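First to last, the protein sequences are chains A and B.
Here the first sequence stands for residues 688 to 779, where the numbers follow this note's numbering.
Here the second sequence stands for residues 36 to 457, where the numbers follow this note's numbering.
Ideal placement from N, C-alpha and C gives every residue a C-beta, glycine not left out.
Given the structure is predicted, the values throughout are model-derived calculations rather than measurements.
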Amino acid sequence: MSDTPVDTDKVRHVADLARVDLDDDDVDRFAEQFADILAYFETLDEVPAVEREADLANVMRPDEVRESLSQEEALENAAETEDGYFKGPNVS
Amino acid sequence: MSDGIFITEETIEGADDGPLAGRTVAVKDNISTEDVRTTCGSEMLADYVPPYDATVVERLTEAGATIVGKANMDEFGMGSTTETSAFGPTENPAAEGRVPGGSSGGSAAAVAAGEADLALGSDTGGSVRNPAAFCGVVGIKPTYGLVSRYGLVAYANSLEQIGPLAPSVDDAAELLDVIAGEDPRDATTRDEGTDSDYAAAADGDVDGLEIGVPTNLVDGADEGVVETFWSALDELEDRGATYHEVELPSVEHAVEAYYVIAMSEASSNLARFDGVRYGHRADAEGNWNEEFAETRKEGFGEEVKRRILLGTYALSAGYHDKYYKKAQDARAWVKQDFDEALEDADVLASPTMPVPPFERGESLDDPLQMYLADANTVPVNLADLPAISVPAGETDGLPVGIHFVGSAFDEETIIRAGSALA
């Protein structure tokens, strides 16, 4: 089994980091499932180090003004807007 | 529609002529269609109407195809059965009472049921090939970079590719010809597919083809699946192909590496769903963080929450080296193993899925069991290689797929191999 047991506090902490609210029964179920899944992920410890060939090339384009969405189009899926801006909840 | 194939049935007319004139196409609902809602199978995007088309959609309509609907899918592509869709499951037209596979289950079912001539799905760990196998149709996962992902709602972008589903290899290859090729709007695309003629490769000629069979992907499979797989190989041998067995030790760790990487990328990609710019927004009281968390609680289903949380955990301080970095090592190992095996073989063959289609509801209670079902398909996404699933026959009346993996940008060879069977 895992040497990092997943308790309900840990699930709540991760849910908080991920900004996903959970009901209590979700927390209990996830804690149980995460223990199994993370124990399985720990078999990655058996993977040998492999030299990675970095065969990568940057793809660049000139920084020019191009066609884009209009402000109206960009806002049309927002639940709340004001004066042509997105309107979000209060920050604090 | 009662069989759950489409989330939205809407006709998008294509050009008057072109290579796909007169053909109908179902498009997975995580591929953006201008003015037609694109839900990703999620409550979060139930009312989202993109103001632009994905590049593949532009290419389809320019080629004369008519889009007939947005196909059902596992929520955000997360699942192997199309049962995690917020809009209900899809029936498997080829196996009553069974799942169509996932996550492109609606796309595969549309083709199998004759609701569309062709379909587009997306494949992050097998999501085109798995439902192709379960529904008895053909599905291709192209080499990473062959097909533009512009307008595909991202789940795990280092792994996923849009791919075709069709009744025959010839039809799937024709659709791939239309969507393949460089796109200035997706900097990960390459130019190898720009002037392709994959359809010409579907000539059924496997004389001299050398097939590698990774024994560790065959041995663990269901008995009836293994029998069907070997009879398909016999047929290829009768037509002049030869095979040898190969060892791929890295694939034993591919599933855990795949899920760590996919979940990590998902936790980052799905952070964009905050309810402010698009998507569901909770009617909650509180500050930004509280409203954000409530929006995401209401908008996401269980499998999506599970993967976001596991991905957040794998990337969090103290665990990054333990999970994410190790998964990247495993990914490099898988690539190396496949490249070596493909030095002595034109293609690698195995069953697409180690089991016949699941009964509905069978896998949902045990997520780890569902993840393990993808063992044969996920290594290909880790290695960025092309692969095809082709109907190999049936076991107890249930479809079985055979899976061919090729070298990077060598779509012709897997298409040729598959076309000898379907």
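Query, Result
"Is the segment 352-366 of chain B touching the segment 207-226 of chain B in the sense that three or more CB pairs, one from each, lie closer than 8 angstroms?", "no"
"Where A215/B and T90/B are concerned, what is the direct C-alpha to C-alpha distance, given to the nearest angstrom?", "10 angstroms"
"Secondary structure at Y772/A, three-state DSSP: helix, strand or coil?", "strand"
"Can you tell me whether V92/B is buried or exposed, with buried defined as 16 or more other CB within 10 angstroms of its CB?", "buried"
"Look at the alpha carbon of P389/B and the alpha carbon of A410/B, and state the distance between them as a whole number of angstroms.", "8 angstroms"
"Can you find a C-beta in chain B that's less than 7 angstroms from the C-beta of V714/A?", "no"
"For a contact meaning CB atoms closer than 8 angstroms, what does V707/A contact in chain B?", "A328, R331, K332, F335, K340, I343, L344"
"Just to confirm the assignment, what range does the alpha helix (DSSP H) spanning E429/B have?", "Counting along the chain, E429/B falls outside any alpha helix (DSSP H), though it belongs to the beta strand (DSSP E) covering 422-430."
"If you check the beta carbons only, do P402/B and Q758/A fall under 7 angstroms apart?", "no"
"Going along chain E, which residues have a C-beta under 8 angstroms from T178/B?", "Of the protein chains in this structure, namely A and B, none is chain E."
"Across the segment 272-292 of chain B and the segment 376-392 of chain B, are there enough close Cβ pairs to call them in contact, namely three or more that are closer than 8 angstroms?", "yes"
"Is Y278/B near the ligand ADP, in the sense that its beta carbon is under 6 angstroms from a heavy atom of that ligand?", "For the ligand ADP, the structure offers nothing, since it holds no ligand at all."
"Locate the alpha helix (DSSP H) running through I450/B, then write down its first and last residues.", "446-454"
"By DSSP, does D158/B sit in helix, in strand, or in coil?", "strand"
"What does the Cβ neighbour count give for Y465/B, buried or exposed, with the cut at 16 atoms within 10 Å?", "Examination of residue 465/B is not possible in this model, given that chain B is present from 36 through 457 alone."
"Using the beta-carbon of each residue, which ones in chain B are nearer than 9 angstroms to Y727/A?", "V290, E291, Y294, L403, Y406, L407"
"At 8 angstroms on the CB atoms, spell out the chain B contacts of T730/A, in chain order.", "H288, E291"
"Do P86/B and E760/A have their beta-carbon atoms positioned less than 7 angstroms apart in this structure?", "yes"
"Taking C-beta pairs closer than 9 angstroms, name the residues in chain B that G771/A reaches, listed in chain order.", "None at all; the shortest Cβ gap to chain B is about 13 angstroms."
"Cα separation between R312/B and Y772/A?", "10 angstroms"
"Looking at C-alpha atoms only, which residue of V693/A, I724/A, Y727/A, V707/A is the closest neighbour of D715/A?", "V693/A"
"Does D690/A have its Cβ less than 7 angstroms from a Cβ in chain B?", "Its pLDDT being 47, under 50, D690/A is placed unreliably by the model, and nothing is read from it."
"State the CB to CB distance for the pair T125/B and G141/B, rounded to an integer number of angstroms; the pair is presumed to be in contact (CB under 8 angstroms).", "5 angstroms"
"Give me the residue from L55/B, D218/B, Q371/B, Y406/B with the minimum Cα distance to L152/B.", "One detail in the question is off: residue 152/B reads as Asp in this sequence, not Leu. The candidate whose alpha carbon is nearest that of D152/B is L55/B."
"Name the chain A residues that come within less than 7 angstroms of Y313/B, Cβ to Cβ?", "N764, A765"
"Among N745/A, P776/A, N777/A, which has the Cα closest to the Cα of D221/B?", "N745/A"
"Looking only at its chain, what residues have a beta carbon closer than 7 angstroms to the beta carbon of R274/B, apart from the 5 residues adjacent to it on each side?", "V241, D242, A455"
"What is the rounded straight-line gap between the Cα of G453/B and the Cα of D82/B?", "39 angstroms"
"By Cβ distance below 6 angstroms, which residues in the same chain neighbour F308/B in space, the five residues on each side in sequence not counted?", "M79, G314"
"At least one CB of chain A closer than 7 angstroms to the CB of D38/B: is that the case?", "no"
"Return the first residue and the last residue of the beta strand (DSSP E) that P199/B is part of.", "196-201"
"How long is the line joining the alpha carbons of A478/B and N127/B, rounded to whole angstroms?", "A question about residue 478/B goes unanswered here, because the residues of chain B that appear run from 36 up to 457."
"Thinking Y294/B and Y190/B are a contact (beta carbons under 8 angstroms), I'd like their distance in whole angstroms, please.", "Going by Cβ atoms, the distance from Y294/B to Y190/B rounds to 12 angstroms, so no, they are not a contact pair."
"Looking at C-alpha atoms only, which residue of I102/B, G428/B, A297/B, S67/B is the closest neighbour of L417/B?", "A297/B"
"In whole angstroms, what is the alpha-carbon distance linking P219/B and T430/B?", "45 angstroms"
"Ignore the nearest five residues each way along the sequence and tell me which others in A207/B's own chain have a CB closer than 6 angstroms to its CB.", "V173, I175, P199, A201"
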